[in-house]
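Residue numbers (my numbering): 223 to 517. Note sheet for the following structure.
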């Protein structure tokens with residue numbers, strides 16, 4: 223790992239700050255001891271799939287827009303604990319060089335966009351081309367919650383993710399109904415084949431980036447629930463509000479979930495394992511049908 227990237231990692235873990243190019247440092251919360259213990263208990267000693275070879279994951283948590291502090295630090299801690307298993311090793315950073323230095327980037331098997339916001343693609347011209355080539359060459363991209371709040375100056379990257387933030391009618395203070403588009407899908411195994419209710423902030427996605435013809439949707443909002451259907455600010459005429467999906471992209475794989483605005487999705491066994499299984503799918507270790515829904 224390059225020195226600058228190590229300093230960035232130590233900055234996150236030791237000082238609890240994220241540094242933006244456009245704002246003062248924003249203090250992040252620290253995961254308390256009981257939160258760490260809960261995560262350790264939920265994750266255990268092994269993930270779903272045995273890796274076919276040693277895997278390396280780059281966890282990128284830079285914010286230029288809204289900072290989901292609790293979601294970021296619980297995401298980092300959950301992946302740090304998961305990396306103690308034999309499933310993968312992980313590097314944590316907010317340094318653009320981790321993505322713009324192609325040699326460094328291509329030493330990894332998957333990138334996690336951990337609640338990143340408003341990444342500056344124009345100011346970092348290698349960022350998007352590198353990510354596109356990274357995935358199309360056979361690697362993985364795991365996008366958590368606000369990872370969809372990016373690439374406003376790069377439609378090709380938003381299209382790769384499969385969606386882009388268009389507001390959140392389902393706010394963090396509410397409890398919403400969710401349905402499994404495919405109850406038996408391997409990435410939905412943690413939900414036990416049943417829809418559920420859960421408190422989180424859920425995004426709606428812009429067209430044309432969100433398109434079922436290109437995605438295999440796993441979880442959606444259940445608008446048969448009166449409260450969920452009454453959320454203010456819904457814009458989609460098709461009333462198609464997907465929450466999680468996967469897709470093939472070139473020779474690689476993409477997983478997105480709108481869960482994890484804050485700590486709750488990481489402290490809930492079903493949503494935590496949904497995210498971990500999604501990451502293992504992007505690594506190529508958890509095999510799953512990713513044929514788009516419309517095909």
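Virtual Cβ for every residue (Gly too), placed ideally from N, Cα, C.
Problem set entry | Exposed unless 16 or more other CB atoms sit within 10 angstroms - verdict on residue 371 | Taking the first residue of the chain shown as position 1, residue 371 is located at position 149. Looking at its Cβ environment, which holds 16 or more other Cβ atoms inside 10 Å, residue 371 is buried.
Exercise. Since residue 418 is in the beta strand (DSSP E), which residue starts that stretch and which ends it?
Worked result: Residue mapping note: residue 418 aligns to position 196 of the chain shown, counting from 1. It spans 418-421 - the beta strand (DSSP E) in which residue 418 sits, taken as one unbroken run.
Exercise. Which stretch, first to last residue, makes up the beta strand (DSSP E) that contains residue 439?
Worked result: Residue 439 sits at position 217 when you count from the first residue of the chain shown. Counting along the chain, the beta strand (DSSP E) containing residue 439 begins and ends at 438-443.
Exercise. Would residue 498 pass as a contact of residue 269 if the rule is Cβ separation under 8 Å?
Worked result: On the chain shown, position 276 is the one that residue 498 refers to. On the chain shown, position 47 is the one that residue 269 refers to. A contact, by the Cβ cut-off of 8 Å.
Exercise. Can you tell me whether residue 397 is buried or exposed, with buried defined as 16 or more other CB within 10 angstroms of its CB?
Worked result: As a first step, residue 397 is located in the chain shown; it is residue number 175 there, counting from the start. When all chains shown are included, residue 397 counts as exposed.
For this session: On a CA-only basis, which of 287, 288 and 283 is nearest residue 294? Give me that one, please.
Result: By 1-based counting over the chain shown, the position of residue 294 is 72. Restricting attention to 287, 288 and 283, the CA atom closest to the CA of residue 294 is found in 283.
Exercise. Do the CB positions of residue 334 and residue 476 come within less than 8 Å of each other?
Worked result: To locate residue 334, count along the chain shown from 1; it is residue 112. To locate residue 476, count along the chain shown from 1; it is residue 254. Not in contact: residue 334 and residue 476 (Cβ atoms no closer than 8 Å).
Problem set entry | alpha helix (DSSP H) runs contained entirely in the stretch 330-409, provided each spans 4 or more residues | Within the stretch 330-409, the complete alpha helix (DSSP H) segments at least 4 residues long are 349-358 and 377-383, listed from N- to C-terminus.
Exercise. Which stretch, first to last residue, makes up the alpha helix (DSSP H) that contains residue 252?
Worked result: On the chain shown, residue 252 is found 30 positions in, with the first residue counted as 1. That residue, residue 252, is in no alpha helix (DSSP H); it is neither H nor E in DSSP.
Exercise. Roughly how many angstroms lie between the CA atoms of residue 345 and residue 322, to the nearest whole one?
Worked result: Along the chain shown, read from residue 1 onward, the residue named residue 345 stands at position 123. Along the chain shown, read from residue 1 onward, the residue named residue 322 stands at position 100. Distance between the alpha carbons of residue 345 and residue 322 is about 11 Å.
Exercise. With respect to the alpha helix (DSSP H) encompassing residue 486, which residues constitute its N-terminal and C-terminal limits?
Worked result: For the purposes of this step, residue 486 is taken as residue 264 along the chain shown, with counting starting at 1. First-last of the alpha helix (DSSP H) with residue 486: 486-489.
Exercise. How should residue 306 be labelled, buried or exposed, when 16 other C-beta atoms within 10 angstroms of its C-beta is the threshold for buried?
Worked result: Stepping through the chain shown from its first residue, residue 306 is reached at position 84. Answer is exposed; the Cβ neighbour count stays below 16.
Exercise. Considering only the beta carbon of each residue, do residue 394 and residue 483 sit closer than 8 Å?
Worked result: Reading the chain shown from its first residue, position 172 is the one you call residue 394. Reading the chain shown from its first residue, position 261 is the one you call residue 483. Cβ distance < 8 Å, so residue 394 and residue 483 count as in contact.
For this session: Per DSSP, which residues does residue 464 bridge with? Please list them.
Result: Locating residue 464 in the chain shown gives position 242, counting from the first residue. Residue pairing for residue 464: DSSP places it in a beta bridge opposite 442.
Exercise. Alpha carbon to alpha carbon, what distance is there between residue 280 and residue 317?
Worked result: By 1-based counting over the chain shown, the position of residue 317 is 95. By 1-based counting over the chain shown, the position of residue 280 is 58. When rounded, the separation of the alpha-carbon atoms in residue 317 and residue 280 is 11 Å.
For this session: Report back the beta-carbon spacing between residue 441 and residue 402 to the nearest angstrom; my notes put them in contact at under 8 Å.
Result: Looking up residue 441 in the chain shown gives position 219. Looking up residue 402 in the chain shown gives position 180. Right, their Cβ atoms sit about 6 Å apart.
Problem set entry | Alpha-carbon spacing of residue 287 relative to residue 389, whole angstroms | For the purposes of this step, residue 287 is taken as the residue at position 65 of the chain shown. For the purposes of this step, residue 389 is taken as the residue at position 167 of the chain shown. Whole-angstrom Cα-Cα distance: 14 Å.
Problem set entry | Rounded C-alpha distance that separates residue 469 from residue 427 | Indexing the chain shown from 1 puts residue 469 at position 247. Indexing the chain shown from 1 puts residue 427 at position 205. Their backbone Cα atoms lie some 16 Å apart in a straight line.
Exercise. Would you call the stretch 508-515 and the stretch 322-332 touching, i.e. three or more CB-CB distances under 8 Å?
Worked result: No contact exists between the stretch 508-515 and the stretch 322-332.
Exercise. Excluding the five sequence neighbours on either side, which residues of its own chain have a C-beta within less than 8 Å of the C-beta of residue 257, listed in chain order?
Worked result: Locating residue 257 in the chain shown gives position 35, counting from the first residue. The residues are 296, 299, 485 and 489.
Exercise. When burial is assigned at 16 or more other CB atoms within 10 Å of the CB, is residue 259 buried or exposed?
Worked result: Within the chain shown, residue 259 is the residue found at index 37, counting from 1. Its Cβ having fewer than 16 others within 10 Å, residue 259 is exposed.
Exercise. Are residue 511 and residue 274 touching if we call contact CB-CB under 8 Å?
Worked result: Translated into positions along the chain shown, residue 511 becomes position 289. Translated into positions along the chain shown, residue 274 becomes position 52. No. Outside cutoff.
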